[in-house]
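Colleague:
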Amino acid sequence: MKRIESTNDFVIKFANINGSGSASANELFARAILRMGVPVAPRNIFPSNIQGLPTWYELRVTEAGWLGRRGGVDMMVAMNPQTWAQDVKEIEPGGYLFYDSTKPIDCGRSDITVIGMPATAICNGTYEDARQRTLFKNILVLGALAELMSVELAAIEQLFAEQYKGKEKLLDGNVRALHAGASFAREHLGQHQVGLKVKRADQVGNRIFVEGNAASALGMVYGGATVCAWYPITPSSSVAEGFQSYCKKLRSTEDGEAKYAIVQAEDEIASVGMILGAGWNGARAFTATSGPGVSLMTEFLGFGYFAEVPFTIINVQRGGPSTGMPTRTQQADLLACAYASHGDTKHVMLFPEDPHECFEFSATALDLADRLQTPVFVMSDLDIGMNQRLCEPFHWDDARRYDRGKVLSAADLEAGKEFARYKDLDGDSIPYRTLPGTHPKLGSYFTRGSTHNAQAVYSEAGSDYMYISDRLQRKFQTAAKIAPQPAVRAAEKPTRLGVIYYGSTAPSMDEALASLAADDIHLDALRMRAFPFPQSVKDFILAHDAVFVVEQNRDGQLRTLLVNELEIDPARLRKVLHFDGTPITARFIAAAITKQVHELAVSPKEVKA
Amino acid sequence: MTYIAKPALHHPTLTKNKVGYTRRDYEGRISTLCAGCGHDSISAAIIQACWELDIAPHRVAKMSGIGCSSKTPDYFLSASHGLNSVHGRMPSCLTGASLANRELLYLGVSGDGDSASIGLGQFAHAMRRGVPMVYIVENNGVYGLTKGQFSPTADKGSQSKKGAMNIDSAVDLVSLALQLGASYVARGFSGDKAQLVPLIKGAMRHGGAAFIDVISPCVAFNNHAGSTRSYDHVREHNQALNRIDFIDLAPEAKAEPGAGELLSLPQADGSLLHLRKLHAAHDPTSRLAAMTTIQTLQQQGELPTGLLYVDAQARNLHQQLKMVPGALNALDEAALCPGGAQLERINAALR
Ligand SMILES: Cc1ncc(C[n+]2csc(CCOP(=O)(O)OP(=O)(O)O)c2C)c(N)n1
Ligand code: SF4
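First to last, the sequence lines map onto chains A and B.
Each residue of the first sequence is one higher than the one before, starting from 1 at the first, in the working numbering.
Each residue of the second sequence is one higher than the one before, starting from 1001 at the first, in the working numbering.
(1) Find the residues of chain A that neighbour B/C1034, judging by a C-beta separation of less than 7 Å, and give them in chain order.
(2) Starting from the beta carbon of A/S444, find every residue of chain B whose beta carbon is closer than 9 Å, and list them in chain order.
(3) For B/A1341, is the classification buried or exposed, using 16 other Cβ atoms within 10 angstroms of its Cβ as the cut-off for buried?
(4) Within this structure, are the beta carbons of A/P310 and A/A369 separated by less than 8 Å?
(5) Any residues in the stretch 340–364 of chain A with a beta carbon nearer than 7 Å to a beta carbon of chain B? Which ones, in chain order?
(6) Roughly how far, in whole angstroms, is the beta-carbon of B/V1134 from the beta-carbon of B/G1108, given that I think they are within contact range, below 8 Å?
(7) How about the stretch 478–497 of chain A and the stretch 554–562 of chain A: do they share at least three Cβ pairs that are nearer than 8 Å?
(8) Within 8 Å (strictly less), CB to CB, does A/F419 reach chain B?
(9) Can you look up B/H1087 in the DSSP assignment and give me helix, strand or coil?
(10) If you run the structure through DSSP and keep just helix, strand and coil, what is A/I112?
(11) Does the stretch 1099–1106 of chain B come close enough to the stretch 1287–1296 of chain B that 3 or more CB-CB pairs lie under 8 Å?
(12) Going along the chain, which residues of its own chain have a beta-carbon closer than 6 Å to the beta-carbon of B/L1066, five neighbours each way excluded?
(13) Distance, Cα to Cα, A/V316 vs A/A41?
(14) Cα separation between A/A410 and B/S1080?
(15) At the 8 Å Cβ level, is B/A1182 part of the contact set with chain A, yes or no?
(16) Looking at the structure shown, is A/D172 part of a helix, part of a strand, or coil, going by DSSP?
(17) Listing by chain order, which chain A residues have their CB less than 7 Å from the CB of B/H1125?
(18) Just tell me which of A/T438, A/A270, A/G282, A/R404 has its CA closest to the CA of A/G293.
(19) Please determine, among A/V499, A/V151, A/F476, the residue with the shortest C-alpha to C-alpha distance to A/P486.
(20) Which one of B/G1148, B/C1093, B/F1150 has the shortest CA to CA distance from B/H1125?
(21) Against chain A, with Cβ distances strictly below 8 Å, would B/I1046 count as a contact?
(22) At the level of alpha carbons, what is the spacing between A/V378 and B/Q1319?
(23) Relative to the C-alpha of A/C123, which residue among A/Q203, A/I208, A/A180 is closest?
(24) Given that B/M1372 touches chain A, what residues does it touch there, using C-beta distances under 9 Å?
(25) Check each residue of the stretch 389–404 of chain A: if its Cβ is closer than 9 Å to any Cβ of chain B, include it; give the result in chain order.
(26) In whole angstroms, what is the alpha-carbon distance linking A/A609 and A/L573?
(27) List the endpoints of the continuous alpha helix (DSSP H) containing B/Q1295.
(28) Could you tell me the alpha carbon to alpha carbon distance between B/Y1106 and A/F446, rounded to whole angstroms?
(29) DSSP beta-bridge partners for B/G1306?
(30) Please list, in chain order, the residues of the stretch 1306–1340 of chain B that have any C-beta partner in chain A closer than 9 Å.
(31) Report the neighbours of B/T1095 on chain A: residues whose CB is nearer than 9 Å to its CB, in chain order.
(32) Could you name the residues that DSSP lists as bridge partners for A/R574?
(33) Between the stretch 1113–1125 of chain B and the stretch 1040–1058 of chain B, can you find at least three pairs of beta-carbon atoms closer than 8 Å?
(34) In this structure, does DSSP put B/M1063 in helix, strand or coil?
(35) Could you tell me which chain B residues have their CB closer than 9 Å to the CB of A/A285, listed as they occur along the chain?
(36) Spatial neighbours of B/P1057 within its chain, please: C-beta separation below 8 Å, excluding the five flanking residues on both sides.
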């Protein structure tokens, strides 16, 4: 048997039981490797359940810095008897199985290296307390793995010191368990040569390691959101919870008074109603939700679009339709969000690729909503939202000013500035608004979802409807110009092939492009960052014979939007679709594109009568 | 037709209130409701209450859902901003608006279909949150705008105009409001302005979740024999529990009439509610007593009206959330953005 030998480039997967406290030990392992200057990319795979069910933490160690999922497992740390058979099967030939051998089991495979450590037995002999036994078992295993794979114990100790600052007893206990694990490995497992090693490198730089949902929450704080209304739903809840805890720290006065308001609403209809009310009244307001929540919000979304009220929705997408796969990832809400609500309705969407952009786009969305006076979606997903990603540090320019859009003040009104709530006075199709309470005599108006004329007065005249409706359509063209523009990257060699992708697919796409280029398949790449699409997207598509559209849904939703909005011949846009709920991998993209490129090269088959 | 504005001509002899407005300044567009609709009388009562309380019209935000009743905010206070939200969802919009700027007075107007049917959930949660507002339901027991279907407040056994019998039991909004924690609960009748205006004034000064259920007959679809929401029926079965007088922000010096008859309730903002009790048994400061009185009278087929319950010490949503004084929508970058240096510290903690 040939063992897998690799330094700084492998996949290790931890199979655990939900609620057993393994998550923090797994994260420590990842962070320690990062501290050694080696990039990592983790993925949480967890059930829609709190306790007892299987959960996995897959960690890709990647000196080359590929942050997508690789696929395949080089070492399985199998701590969950429930999933033992499945876990063992997943290991690549030549790979490794590490398991709790308190009750030894034969795994039935001779093409892998099996390493048993009686972790439960050791803990039962060392700790009296049942809670300590389970908690320290994770740390014990961590110590052994660190020893076997050359992860520096000092790096883990340093992390402990930061985590348990001021809690010496906890710190002590953890350090002791860590070393116990390491010495057990040294004394008893030494014979098992693990070929997967971590070696200090210098590939992490000043990047940060953070979840997208935390980044979105922080972006909302920096972007000046003051009202948040939400209803719990996986995988978006940690956005609102993160906003709450950041605000507590960063947005409270010395007397503990809040410069923000957070309401856990009774449902998504109420949460969007609240942020609509707040946006109407001049506050920056947002909610965080996922597919089923968006479905409930649609009536208000149409209202926000037609009555031109700013607010922001962070949609952390999960597997749909219906309750779908609540704890799996997809990019399957594009159509539902782009055209949410009845009638001719359209909404702006932003597509962050990683936590850095989750931060950035949250603040941008607040600006865009105010500038455009319309609802704006930030289309995150479970893969970015609930996994820590290595990304560029957050940045804030202190000279940056919030764009509050066209709001007339009392002084503007006094000075005789024209006010007609729904009239295009500047030629950009964006009207002016006034906020409630601004002026005793001037500028009041009535907001309604029924047809209104340019002065905001109720009207049933078709001509008034046409004026508003056409202007809204033109306002969307303004949106295409001011929303984040696509990022285009030319292939190394001239090519007639292009690829379009967006959001969390980005890291796997980067890797796939490199591997395709190595196989002499070259593609110009365009990463979509917002809807509506600017002219440059159409130009990009028309400049190529075929363009692959890579996305994580069954129906090719971005492709539909491209065909529909840019009036593209569908034959030009070739689908690359991944939708089993796991994050798309570079291997999958490269294989799918390679196959289609070969098909493209074949001349049309003769049709015989 | 709503697009006809009223002539802006003001009679020079119209008296001005303390903030310099005449009663006409509190009016809105010409109503498009049916002549005789109870909702118009409620609009008139709102106008009178705001004028008498010296409220600057533009400091009111008037919000509603969908229905004939929800159209009415267009027919009063034309200097204030209004919002017709979607059907049944006024409470959430109002909640968000009030969080954005706590310095305005929030007036929510809704119908019985709007609040007791599609919007029952939002109604309930606004009450339990203590959103500072005046929430008026113009209750006619039918869907007016969609032409006469029963609404959930229609009494079991009452008849529709077309002769159909209502087989469902009724949702009683005042009982619900009481149970859910509203801190000012009243019921009025659109045909009794003398009772209604002080009820609205008291609600406007209350500072917490104030709910007024106003029985408001629909002359088009619910004013016939067999309806329990017709003018005649309500007049015959109205049991006024009390008459209130509202003295704004000034302790009153009037000599007390017969002991036990007059009750003075100081409000959180310093104003006084004077209650003349008509039913000696009703204690409007006890939630439990209010429930009992309402249930007892309703079982006898009577409609208790008046101030049913008030808690002047109630804490509202803004206080519960410990929000800074002043309007959130007026805070600028300096107040809201923690700045680049702080972000560097956050970055450092994420490495
Ligand atoms: C989602 C939705 N469903 C149905 C309607 C139709 N609708 C308009 S008003 C109304 C009922 C209004 O009744 P109520 O609130 O009692 O007011 P009233 O007209 O009697 O004053 C209904 C069902 C709507 N506008 N929106
Ligand atoms: S239909 Fe009824 S509720 Fe509507 S305006 Fe006419 S009388 Fe009033």
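Where a beta carbon is used, it is the ideal one built from N, C-alpha and C, also for glycine.
Modeller: The answer reads as follows:
(1) Within the second sequence, residue 1034 of chain B is the residue found at index 34, counting from 1. Result: empty, since nearest Cβ-Cβ is about 17 Å, beyond 7 Å.
(2) Walking along the first sequence from the start, residue 444 of chain A turns up at place 444. Residues of chain B with a Cβ closer than 9 Å to the Cβ of A/S444 are, in chain order, P1057, H1058, L1077, S1078, A1079, S1080, H1081, G1082.
(3) Counted from its first residue, the second sequence places residue 1341 of chain B at position 341. That one is exposed.
(4) By 1-based counting over the first sequence, the position of residue 310 of chain A is 310. By 1-based counting over the first sequence, the position of residue 369 of chain A is 369. Cβ distance < 8 Å, so A/P310 and A/A369 count as in contact.
(5) So the list is empty, because no residue satisfies the distance condition.
(6) Indexing the second sequence from 1 puts residue 1134 of chain B at position 134. Indexing the second sequence from 1 puts residue 1108 of chain B at position 108. Their Cβ separation, rounded to whole angstroms, is 7 Å, which keeps B/V1134 and B/G1108 in contact under 8 Å.
(7) No: the two stretches stay apart, fewer than three of their Cβ pairs being nearer than 8 Å.
(8) Position 419 of the first sequence, counted from the first residue, corresponds to residue 419 of chain A. It does not: the Cβ of A/F419 has no partner Cβ on chain B nearer than 8 Å.
(9) As a first step, residue 1087 of chain B must be located in the second sequence, where it is residue number 87. Per DSSP, reduced to three states, the secondary structure at B/H1087 is coil, with no helix or strand assignment.
(10) Counting from one through the first sequence, the residue named residue 112 of chain A turns up at place 112. Residue state for A/I112 is assigned as coil, using DSSP reduced to three classes.
(11) No, because fewer than three Cβ pairs between the stretch 1287–1296 of chain B and the stretch 1099–1106 of chain B fall closer than 8 Å, the two stretches do not touch.
(12) By 1-based counting over the second sequence, the position of residue 1066 of chain B is 66. According to the sequence shown, residue 1066 of chain B is Ile rather than Leu. These residues qualify, in order along the chain: H1087.
(13) Taking the first residue of the first sequence as position 1, residue 316 of chain A is located at position 316. Taking the first residue of the first sequence as position 1, residue 41 of chain A is located at position 41. A/V316 and A/A41 have their C-alpha atoms spaced approximately 19 Å apart.
(14) As a working mapping, residue 410 of chain A is identified with position 410 in the first sequence. As a working mapping, residue 1080 of chain B is identified with position 80 in the second sequence. Going from the Cα of A/A410 to the Cα of B/S1080 covers about 14 Å.
(15) The residue labelled residue 1182 of chain B in the question sits at position 182 within the second sequence. For B/A1182, the closest Cβ of chain A is not nearer than 8 Å.
(16) Sequence index remark: in the first sequence, residue 172 of chain A carries index 172 (1-based). Of the three classes helix, strand and coil, the one that applies to A/D172 here is helix, per DSSP.
(17) In the second sequence, counting from the first residue as 1, residue 1125 of chain B sits at position 125. Within 7 Å Cβ-Cβ: E266, A270.
(18) Here residue 293 of chain A corresponds to residue number 293 of the first sequence, with the count starting at 1. For the residues A/T438, A/A270, A/G282, A/R404, the minimum Cα distance to A/G293 belongs to A/A270.
(19) In the first sequence, the residue the question calls residue 486 of chain A occupies position 486. Put simply, of A/V499, A/V151, A/F476 the residue whose alpha carbon is nearest the alpha carbon of A/P486 is A/V499.
(20) As a working mapping, residue 1125 of chain B is identified with position 125 in the second sequence. The residue with the shortest Cα to Cα distance from B/H1125 is B/C1093.
(21) Sequence index remark: in the second sequence, residue 1046 of chain B carries index 46 (1-based). The beta carbon of B/I1046 sits no closer than 8 Å to any beta carbon of chain A.
(22) Your numbering for residue 378 of chain A matches position 378 in the first sequence. Your numbering for residue 1319 of chain B matches position 319 in the second sequence. A straight-line Cα-Cα distance of about 31 Å links A/V378 and B/Q1319.
(23) In the first sequence, counting from the first residue as 1, residue 123 of chain A sits at position 123. When only C-alpha atoms are compared, the closest one is A/A180.
(24) Given that chain B is displayed from residue 1001 to residue 1351, the structure contains no residue 1372 of chain B and the question cannot be resolved.
(25) Residues of the stretch 389–404 of chain A that bring their beta carbon within less than 9 Å of a beta carbon in chain B comprise P393, F394, H395, W396, D397, D398, R400, R401, Y402, in sequence order.
(26) Along the first sequence, one-based indexing puts residue 609 of chain A at 609. Along the first sequence, one-based indexing puts residue 573 of chain A at 573. Legend: pLDDT at A/A609 = 45, less than 50; position of this residue unreliable, value from coordinates given subsequently. Annotation: A/A609 to A/L573 spans about 30 Å, alpha carbon to alpha carbon.
(27) For this step, residue 1295 of chain B is matched to residue 295 along the second sequence. For B/Q1295, the enclosing alpha helix (DSSP H) covers residues 1287–1299.
(28) One-based indexing of the second sequence puts residue 1106 of chain B at position 106. One-based indexing of the first sequence puts residue 446 of chain A at position 446. Per the coordinates, the alpha-carbon of B/Y1106 lies some 15 Å from the alpha-carbon of A/F446.
(29) Position 306 of the second sequence, counted from the first residue, corresponds to residue 1306 of chain B. According to DSSP, which records beta bridges pairwise, B/G1306 is partnered with B/R1187.
(30) Listed by position along the chain: L1317, H1318, L1321, K1322, M1323, V1324, P1325, A1327, L1328, N1329, A1330, L1331, D1332, E1333, A1335, L1336, C1337, P1338, G1339, G1340.
(31) Numbered from its first residue, the second sequence carries residue 1095 of chain B at position 95. Neighbourhood of B/T1095 in chain A, by CB distance below 9 Å: A229, V263, A265, A270, G273, M274, G277, A278, in chain order.
(32) The residue you call residue 574 of chain A lines up with position 574 of the first sequence. In the DSSP assignment, A/R574 is bridged to A/F548.
(33) Contact between the stretch 1040–1058 of chain B and the stretch 1113–1125 of chain B is absent, because fewer than three Cβ pairs lie under 8 Å.
(34) Here residue 1063 of chain B refers to the residue found at position 63 when the second sequence is read from its first residue. Secondary structure at B/M1063: strand, using DSSP grouped into helix, strand and coil.
(35) As a position in the first sequence, residue 285 of chain A is number 285, starting the count at 1. By Cβ distance, chain B contributes G1096, L1099, A1100.
(36) Within the second sequence, numbered from 1, the residue matching residue 1057 of chain B stands at position 57. Result list for B/P1057: Y1021, D1025, Y1026, C1050, L1077, S1078, A1079, S1080, in chain order.
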